[in-house]
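Every letter in the sequence shown is one number past the one before it in my numbering, and letter 109, counting from 1, is 96. C-beta atoms are modelled at their ideal positions from N, C-alpha and C, and glycine is treated no differently. Comments concern the structure below.
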Amino acid sequence: MTSPANERRKVKLLAVTACPTGIAHTYMAAEKLAQAAEALGVEMKVETQGSIGAENVFSDNDVRDADGIIIAADKDVDRSRFVGKKVLAVGVAEGIRHPERLIEQVHGAPVQSGDGGRGAGGAAAPGVLRRRVPGAARSGASRTRR
-12 MTSPANERRK
-2 VKLLAVTACP
8 TGIAHTYMAA
18 EKLAQAAEAL
28 GVEMKVETQG
38 SIGAENVFSD
48 NDVRDADGII
58 IAADKDVDRS
68 RFVGKKVLAV
78 GVAEGIRHPE
88 RLIEQVHGAP
98 VQSGDGGRGA
108 GGAAAPGVLR
118 RRVPGAARSG
128 ASRTRR
């Protein structure tokens, strides 16, 4: 008979995937991360922030019990609910291309501080190129004709 102290507890991770359009990459990254977690014997719940809004949203218990959080996103993700947890933030493409690596790296990720939910490095994941397109307006119209 083994005691609970001798049993190895299964690692529990959370992942958030999101991209600016919230169509393909959001869900591709979610699927790849979930598949990699299953192959590695890791328990994982994935929240997607797609074009139809957030799906599979984490409960307070999910966050409390998590050993780490992976954010694979190319847009702002509110990190305030992850204060005190290890958070690894990368671009959504990393979640598609290297999900196993992310699962291994999250254990060494920095702990999220309580700095307004953005975390170190701001809202965008490290390595994510952000640029403005000349002539593009927030309203969607790039120029008006007279």
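Option nearest residue i by Cα separation, candidates the options
| i | options | result |
| --- | --- | --- |
| residue 101 | 70, 82, 77, 79 | 70 |
| residue 54 | 98, 8, 6 | 98 |
| residue 63 | 76, 51, 15 | 76 |
| residue 19 | 49, 95, 81, 96 | 81 |
| residue 11 | 47, 26, 61, 52 | 61 |
| residue 83 | 45, 24, -3, -1 | 24 |
| residue 68 | 79, 87, 45 | 45 |
Three-state class that DSSP yields for residue i in the structure shown
| i | result |
| --- | --- |
| residue 19 | helix |
| residue 13 | helix |
| residue 53 | coil |
| residue 41 | strand |
| residue 26 | helix |
| residue 61 | coil |
| residue 100 | coil |
Residue i - containing beta strand (DSSP E), residue span
| i | result |
| --- | --- |
| residue 3 | -1 to 5 |
| residue 77 | 74 to 77 |
Length of the line joining the Cα atoms of residue i and residue j
| i | j | result |
| --- | --- | --- |
| residue 91 | residue 39 | 30 Å |
| residue 17 | residue 4 | 6 Å |
| residue 28 | residue 7 | 31 Å |
| residue 93 | residue 73 | 7 Å |
| residue 0 | residue 31 | 5 Å |
| residue 49 | residue 33 | 11 Å |
| residue 21 | residue 9 | 18 Å |
| residue 41 | residue 35 | 6 Å |
| residue 86 | residue 96 | 15 Å |
| residue 37 | residue 58 | 14 Å |
| residue 65 | residue 2 | 13 Å |
Unbroken alpha helix (DSSP H) run spanning residue i, endpoints
| i | result |
| --- | --- |
| residue 92 | 86 to 92 |
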